[in-house]
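The next block holds one structure in the form of structure tokens; read it before the comments.
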Amino acid sequence: MASRRISSLVPRSLPLLSRGGKQSYLGKGIYRYSTATAALEEPIKPPVSIQYDKLLINGRFVDAASGKTFPTLDPRTGEVIAHVAEGDAEDINRAVAAARKAFDEGPWPKMTAYERQKIMLRFADLVEKHNDEIAALETWDSGKPYEQCANIEIPMFVRLFRYYAGWTDKIHGLTIPGDGPHHVQTLHEPIGVVGQIIPWNFPLVMYAWKVGPALACGNTVILKTAEQTPLSALLVSKLFHEAGLPDGVLNIVPGFGPTAGGALCRHMDVDKIAFTGSTETGKIVLELSAKSNLKPVTLELGGKSPFIVCEDADVDKAVELAHFALFFNQGQCCCAGSRTFVHEKVYDEFLEKAKARALKRIVGDPFKSGIEQGPQIDTEQFEKILKYIRSGQESGATLETGGNRIGTKGYYVQPTVFSNVKDDMLIAKDEIFGPVQTVLKFNELDDVIRRANNSQYGLAAGVFTQNLDTANTLSRALRVGTVWINCFDTFDATIPFGGYKMSGIGREKGEYGLKNYLQVKAVVTALKNPAWL
Ligand code: NAI
Ligand code: MG
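Put into structure tokens, the structure is as follows:
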């Protein structure tokens with residue numbers, strides 16, 4: 001998501017080959033999108049094989065207690081890639097027992113911070129070495145463009161682990177002056193056994209955001225991966241053990257939400273839960289914690305982020321960035337800029353260019369070079385997106401381009417742009433999580449602030465303006481966890497990320513991310529005849 005790399009993935013030199021809404025074939029399975037549908041050619045054979053398809057508990061790959069497996073599918077075709085061991089309550093019990101032992105007795109929290117750091121750094125090196133293999137597996141399981149995995153997401157993963165490895169020996173408390181003859185200090189202790197639940201849209205990046213800070217602080221972990229994308233976490237966790245991670249410190253349990261995920265959230269011996277996913281499921285996670293042992297919960301949930309293009313914006317740049325803000329990762333981003341507010345003075349120009357840009361988007365087999373958009377993750381998301389597109393049409397928004405599936409196989413959706421969108425339409429309120437851009441018009445700054453904030457969500461916002469005062473006014477007025485000014489989706493390891501309102505609780509990444517995984521203990525010692533206070 002570093003903008004330098006992103007721009008190299010966005011070829012702009014190719015001429016637009018289609019006019020009048022035709023899909024044009026550029027050869028080698030690459031299409032410039034159009035409103036016509038056509039079957040995509042045979043999917044490319046992924047250059048990787050599946051080696052790990054079981055649960056990883058106490059350092060060993062094991063079958064599920066029930067013996068059950070579930071299929072993980074290739075989003076390009078809907079065909080089965082592998083049958084993966086399906087974790088459930090009993091497997092969660094086993095994983096929690098292993099993590100408990102590794103925390104209470106095991107070497108991890110007792111190891112020096114420097115030793116933990118070296119293991120995390122060796123792991124980062126190993127992931128870097130296996131970059132292309134991991135990227136191929138991730139593309140196969142998730143449908144993300146291979147170049148996005150190989151050039152952006154895995155380097156981000158590596159950076160995250162190096163960043164948090166650097167923190168291991170810099171986590172410490174304070175010595176505090178008390179009111180009386182007391183020596184007051186705070187200890188920043190690991191919180192204990194941590195349960196983490198991640199979604200399918202960024203399987204590896206979410207792994208890094210969760211596991212990196214938890215382990216840096218000396219905790220032990222049970223990670224439940226998303227049922228759509230269980231494979232990459234198993235492969236990288238194997239590498240983590242090769243790097244010297246002791247058994248039981250990190251346990252990976254693939255499985256479904258209500259079963260494996262629910263068991264983790266209600267477990268009495270889990271000390272903390274971190275979750276990323278839908279707002280709806282986030283509420284269940286919080287409730288399960290409240291009904292069991294009140295373990296603290298951090299939540300990174302949905303969004304409907306405004307992308308505000310002011311009258312003085314550089315329109316060409318704003319078009320490109322608004323396109324990226326929405327369509328990146330097939331539109332499957334919690335922080336997608338999914339409400340594009342454009343000032344009336346530049347609205348017509350913006351819309352024409354935004355539509356042209358969507359028409360130029362290169363959709364196809366994610367293993368092909370130069371592909372910008374692959375298939376959506378699964379049939380459920382695919383159907384949901386098409387339903388929202390129909391809802392947009394029925395509610396009177398103007399479908400500028402797109403609106404259909406591409407081909408007859410897999411979950412490819414045409415890059416879609418709606419104009420004349422009104423705030424009360426479902427497509428302007430709900431998280432669509434797909435390649436559907438909704439363009440809304442505004443005239444006054446106060447008006448756009450009110451409308452941008454009129455959402456149950458508060459995850460992020462984009463602001464496009466050349467005016468410093470406008471940027472400052474908006475960045476303070478918007479009730480969101482991140483404001484990107486003249487940029488979007490800048491996700492350095494150092495920058496905290498999280499939501500206001502129903503977009504979540506807590507912050508991940510950066511120094512703030514450590515807070516989720518530490519307890520603060522005050523130790524107060526009475527002093528006899530102190531030389532000073
Ligand atoms: P989800 O929130 O249900 O799934 C995310 C994770 O939570 C998965 O690992 C799942 O197995 C787990 N989970 C589901 N039910 C659970 C339960 N009862 N207890 C514990 N864990 C549970 O999201 P889903 O169904 O994959 O997607 C639905 C919508 O959620 C999407 O269309 C999108 O709008 C939103 N979403 C947002 C994400 C984000 O990054 N904030 C990521 C994924 C989905
Ligand atoms: Mg899959």
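Numbering (UniProt numbering), first residue to last: 1 to 533. Backbone N, C-alpha and C fix where the C-beta goes; we use that ideal spot for every residue, glycine too.
For Asn-486 and Ile-284, the gap between their C-alpha atoms comes out near 36 Å. Inclusion of Pro-145 and Glu-320 in the CB contact set at 8 Å is not warranted, their separation being larger than that value. Within the stretch 216-244, the runs of alpha helix (DSSP H) that reach at least 4 residues and sit entirely inside it are, in chain order, 231-242. CA-CA distance, Glu-147 to Gly-370, rounds to 8 Å. DSSP places Gly-364 in no alpha helix (DSSP H) but in the uninterrupted beta strand (DSSP E) bounded by 362-364. For Ser-455, there is no enclosing beta strand (DSSP E), as DSSP gives it neither H nor E.
Distances from the alpha-carbon of Lys-384 to those of Glu-287, Glu-79, Gly-403 put Gly-403 closest.
The straight-line gap separating the alpha-carbon atoms of Val-62 and Asn-529 is approximately 60 Å.
Note on Ser-455: 16 or more other CB atoms within 10 angstroms of its CB, so buried under the neighbour-count rule. Burial state of Ala-522 is exposed, judged by a 10 Å Cβ sphere holding fewer than 16 other Cβ atoms.
The beta carbon of Ser-419 lies closer than 6 Å to those of Leu-351, Thr-398, Glu-400, Val-439 in the same chain, with the five residues before and after it left out.
In the three-state reduction of the DSSP assignment, Asp-312 falls in the coil class. Comparing alpha carbon positions, the residue from Gln-376, Glu-300, Gly-195 closest to Asn-251 is Gly-195.
Boundaries of the beta strand (DSSP E) around Phe-442: 436-442. Each of Leu-459, Ala-493, Met-502 was checked against the Cα of Phe-157, and the nearest Cα belongs to Ala-493. For Thr-401, the CB stays at least 7 Å from every heavy atom of the ligand NAI. If only complete runs of 4 or more residues are kept, the stretch 356-401 shows the alpha helix (DSSP H) at 379-394, in order along the chain. Around the beta-carbon of Leu-468, fewer than 16 other beta-carbon atoms lie within 10 Å, marking it exposed.
For Pro-47, the closest alpha carbon among the candidates Asp-132, Glu-90, Asp-179 is that of Asp-132. In chain order, Ile-176, Gly-178, Val-524 place their CB closer than 6 Å to the CB of Val-184, counting only its own chain and leaving out the 5 sequence neighbours on each side. Ile-134 is positioned such that its CB atom lies closer than 8 Å to that of Leu-235. By the CB criterion at 8 Å, Ala-461 and Ala-471 fall outside the cutoff.
Every unbroken stretch of the beta strand (DSSP E) spanning 3 or more residues and falling wholly within the stretch 240-304 is given here in chain order: 250-252, 272-276, 297-300. Straight across, the Cα-Cα distance linking Tyr-52 with Asp-365 is about 24 Å. Taking the C-beta atoms as reference points, Trp-200 is found nearer than 8 Å to Gln-228. The alpha-carbon of Asp-430 is positioned some 12 Å away from that of Ser-278. If you check the C-beta of Ser-391 against the ligand NAI, you find no heavy atom less than 7 Å away. Only residues of its own chain outside the window of five on either side were considered, and among them Ala-263 have a CB closer than 6 Å to the CB of Ala-89, listed in chain order.
CA-to-CA, the gap between Pro-306 and Ala-318 works out to about 13 Å. At least one heavy atom of the ligand NAI falls within 7 Å of the beta-carbon of Pro-258.
The stretch 265-281 and the stretch 186-193 touch, with no fewer than 3 CB-CB distances between them shorter than 8 Å.
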